[in-house]
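A short write-up of the structure that comes next.
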Amino acid sequence: MFSLKRIRSLFRRTRMERELDAELGFHVEMQIGEYVRQGMSPDEARRTVRQLFGVVDRVKEDVRDTWLTRFFETVLQDVRYSARSLRRQPGYAAAVIVTMALGIGANSAIFSVVNAVVLRPLPYARGDDLMLLRQPRGPYDHVGFSILDIDDIKTRARTLDAVVEFHNMYFILLGGEEPARVSTGVVSWDYFDALGVTPAVGRTFTADDDRPDRPATLLLSHEYWQREFNGDPSIVGRVFEMNDRPHTVIGVLPDVPLYPQPNDVYMTRSACPFRMGPQGAQDRGGGMAGAIGRRRPGVPLDDVRADLAAVSDRLHAEFAGEYSPAARQLTATPLRREFSRNFESTLVILLGTSAFVLLIVCASVANLSVARTMRRERELSLRTSLGATRARLIRQLLTENVILSFAGGIAGLLIAFVGMDLLVGYAERFTTRAGEIRIDRTVLLFTLAVSLATGLLSGLLPALSRRFLFVPGLSRTNRSALPRRDLRRALIVAQIAASFVLLIGAGLMLRSLFKLTLVDPGFSSDHVLTLQIDMNFSKYADNRQRAAYLDRLLTSLQNIPAVTSVGASGNIPFLARPGGNLGRFVIERGPATTDEGAQRASLLIASEDYFRAMRIPLVDGRFFVRGDDLDAPHVVIVNQALARRYWPTGNAVGQRISGDGSDWHTIVGVVADVRQQLSAAPVEEIYAPMRQTPYVSTHWTIRSADAPETLAPMVRKAVYSVDPDQPIHQMRPLNDVRTASLAPPRLTATLIGIFAALALVITASGIAGVIAFSVSQRTHEFGLRVALGARRGDVVSLVVGEGVRLALAGLAIGVGGALVVGGLLSTTLFGVEPTDTITYVAVSLVLLSVAGLACLLPALRAASINPMQALRVA
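When you line the sequence shown up against my numbering, it's residues 78 to 951, in that order.
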């Protein structure tokens, strides 16, 4: 299409015109001379040549049509003509731009999330070479690596040129305005070097920093540096106390996402009292750290996995007694995928939803374009009579649509930009890469492509219809009106079908969310204040010290006026990990079990008043008492789910269970089942008394007669009176915790609901437009009906019935798609089947009602037609 000569015409137009004149003149004179030599007179020869060549200017035009400049000239003409045409119909232009902006904006917004979380490379050097290493064992997808594991993999894996470790803990940082509970990443010294992360301020760790005999050092995350120290660069060199050791800040990390969570500070593993303890340093085959490997350049992923499997086999054979029989081979997955692992299914749902909205937009714009084309029939027929080809007219119509789509794309970008904060806040719940979501060059190119595709698709549908420009003459009779009316109806039916699918998806999500809000968790969250206390590991080093602190804190909190009961536990309901802290146990005189088939339950702790504070009913036996302490026989309380399973016909109270068969715990009570997560059924649970199992980290539930918010100052004072260096974390009402736990499904349902509402509005406007145009085309018919005695109500029913019939056809077609969408959503639904009858009936009634209301105004207009005027116009 674009030959070298055509491209040259863009830059050498004047020269090519001279060459064209010279070439044509040369051929004319040569032919005249030839005729003169054959015996013609010069005048006769010139007349003959003129007849042979025709009008020279026409020949020149034919030659110019082959130049690329002519293509751009005609495109520019089309653009100017389209702009003038659209300026004469601002209502049509505005309707199309707004409709396209909604669809393109929705897709651009969702694509910005996909681009940041899935498509964009990790902001690390050689990010695609980073692999997350896993060590599966038994029913677990991954158990932590020990120091010996890490060292062995580093020295034996041939396909990796770096292996680094990480794990997360919470420590107390002293030296600021208040004691702070900081999320701490414990990493090997070369962790950031392997990732290729360069500090924003200061330096990263060196091998010298990871020696136990060296002073402890800290790196601050960029977000923590900004939040707590206002980005002060002089923070480097400042000393804080953590774990009874001074820690010097050596640098600040850049603003990049880190796996698996954003930490406040980072320390080397040598400074961690747990990682470098005797058990952590010497045990093999199970630890507390995760591992990231960096493959050598050019090594395929399959080779890395085969290499790790071989390393794993050699280690299991060489140290058979130190690895669990349930241990499996090492695995590796690209680190980039791990950042989006928890977000993939939600992204697929949102992408599919936005794509449906865009299809509805295309159908709506095509419908508007068909209506406009029908109104321009006389103009288009006139242009055909004057020599315009079908291709030329199609290009003109496509140019108009593309102009509108680009305008809609610009407006859509504004919509996407406005909603960016909402999307970032939403994505933060699933991935640490949420901060990378923005409108960048890739998103702009995507928006450009979507705008172009939308304009072409919505323009081609009417332009390539079978009866496009059927009548080339100037007659007012429009024999193409019928097939075009059928095309418009088909487009509306398609819109309704797509809208039905979206509304079913939104309806199922909203029904699921509604069911979640009604779930009875098995306890009362009203009038309960929660907070988290993490004790200083060094200050409270053993169980007796921790138990003494917890007892003093319990007494201090109970002395607050208006407090009715105070409980402590190992976690707060609603935010507990799925499945809980699963642990193995055996039943006294029960059947022998293997490690693979052992009984497992969620292991929890509770103070003596925890169940009263949460109002969890006692089913049998007793609650814990103050005497259930470190010096008393070990006791536990189990929930009904566990009691029903293992003692279905007997009494669980008085039975004994053990973790390893040596230390037996007597069951002293059975409590009602509770949901640690609203969306998860109650699991089997075993509660140990807090005084016998004093955890370092405890969650407190304080019930009072007053509003829980009013207790905050008194609670803070009570905690600091026991230990002024003890930070308080996440103090908030339990009802707020419940609300926060529903945020992800609520936001997903809200986004899908917004898309569905947009689709419904666009579809309703399309139905109204089709029916209004149909009424304008049938003015004579309605006038005749009224003249022959038809009541106005009959005319209204006739017009509304037409719209309802279109809606019914769309519903029938959309059922299949809705069933598919329901199946895809089934894993995210709670208490609602994908074929939920209530949802299908409600959505059908909504669509039919909207269709009827959209037809009402055109119907009233049809009923108000004056029959005499209608008949005279006809």
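Using N, Cα and C, we set each Cβ at its ideal position, and we do this for glycine too.
Asked                                                                                                                 : Found
Proximity winner among E415, V220 and F282, relative to T345 (alpha-carbon distances)                                 : F282
Reduced DSSP secondary structure (H/G/I, E/B, other) of R565                                                          : helix
Paired residues, beta bridge with M497 - DSSP                                                                         : Answer by DSSP bridge pairing: none, since M497 is not bridged.
Limits of the unbroken alpha helix (DSSP H) element including Y687                                                    : Y687 to M691
Simplified DSSP assignment, three categories, for R544                                                                : In this predicted model, R544 has a pLDDT of only 48, less than 50, meaning its place in the structure is not dependable; the value taken from the coordinates is given anyway. The answer is coil: DSSP assigns R544 none of H, G, I, E or B.
Spatial distance of W741 from Q753 (CA atoms)                                                                         : 26 Å
Which listed residue (A757, A530 and G878) has its alpha carbon closest to that of M177                               : A530
Sequence-distant residues of the same chain with beta carbon closer than 8 Å to G253, five excluded per side          : E305 and F317
Classification of A939 by the beta-carbon crowding that lies within 10 angstroms, buried from 16 upward               : buried
Proximal residues to Y797 (C-beta, below 8 Å), its chain only, five neighbours per side dropped                       : Q803
Local Cβ density within 10 Å of D498, reported as buried at 16 or more and exposed below that                         : exposed
Residue nearest to G660 in terms of C-alpha spacing, selected from D332, I734, L385 and V156                          : I734
Cβ pair T423, T916 closer than 8 Å                                                                                    : no
Residues near V730 in its chain [Cβ-Cβ closer than 7 Å; skip 5 each side]                                             : D697, G698, I744, V745, G746 and V747
E665 versus L608: straight-line alpha-carbon distance, rounded                                                        : 37 Å
Nearest candidate by alpha-carbon position, reference F248, set A432, C932 and R258                                   : R258
Given 8 Å, three or more beta-carbon pairs between the stretch 921–935 and the stretch 599–608                        : no
Counted within 10 angstroms of its Cβ, other Cβ atoms place D205 as buried (16 or more) or exposed                    : exposed
Sequence ranges, alpha helix (DSSP H) only - wholly within the stretch 704–749, length at least 4                     : 717–723
Length of the line joining the Cα atoms of M246 and V342                                                              : 10 Å
A936 beta carbon less than 8 Å from that of V877                                                                      : yes
Coarse secondary structure for W266, derived from DSSP in three states                                                : coil
E111, buried or exposed, once every other Cβ within 10 Å from all chains shown has been counted against 16            : exposed
Closest by C-alpha distance to A160, when choosing among V388, L481 and G367                                          : L481
Straight-line gap, F577 to L883 (C-alpha atoms, nearest Å)                                                            : 13 Å
Beta-carbon separation (whole angstroms), L634 vs A678, contact threshold 8 Å                                         : Contact flag wrong, Cβ pair sits at about 29 Å.
Option nearest G485 by Cα separation, candidates S185, Q807 and L901                                                  : S185
Candidates V191, E456, L251 and D267, of which the one nearest I227 by Cα                                             : D267
Ordered list of alpha helix (DSSP H) runs contained in the stretch 424–497, each at least 4 residues                  : 454–462 and 467–495
Through-space distance from V479 to S162, alpha-carbon basis                                                          : 14 Å
Buried versus exposed call for E762 [16 or more other C-beta atoms within 10 Å across all chains shown]               : buried
Euclidean distance between Cα positions of G887 and V570                                                              : 5 Å
Buried or exposed (CB count within 10 angstroms, at least 16 for buried), R768                                        : buried
F188 versus G727 - alpha carbon distance                                                                              : 58 Å
Cβ contact check for the stretch 390–400 and the stretch 195–212: 3 or more pairs under 8 Å                           : no
Neighbourhood of G550 by C-beta distance below 8 Å, restricted to the same chain and skipping five residues each side : For G550, the predicted model reports a pLDDT of 42, less than 50, meaning its position is unreliable; a value from the coordinates is still stated below. Within the same chain, G550 has close Cβ partners S458 and S462.
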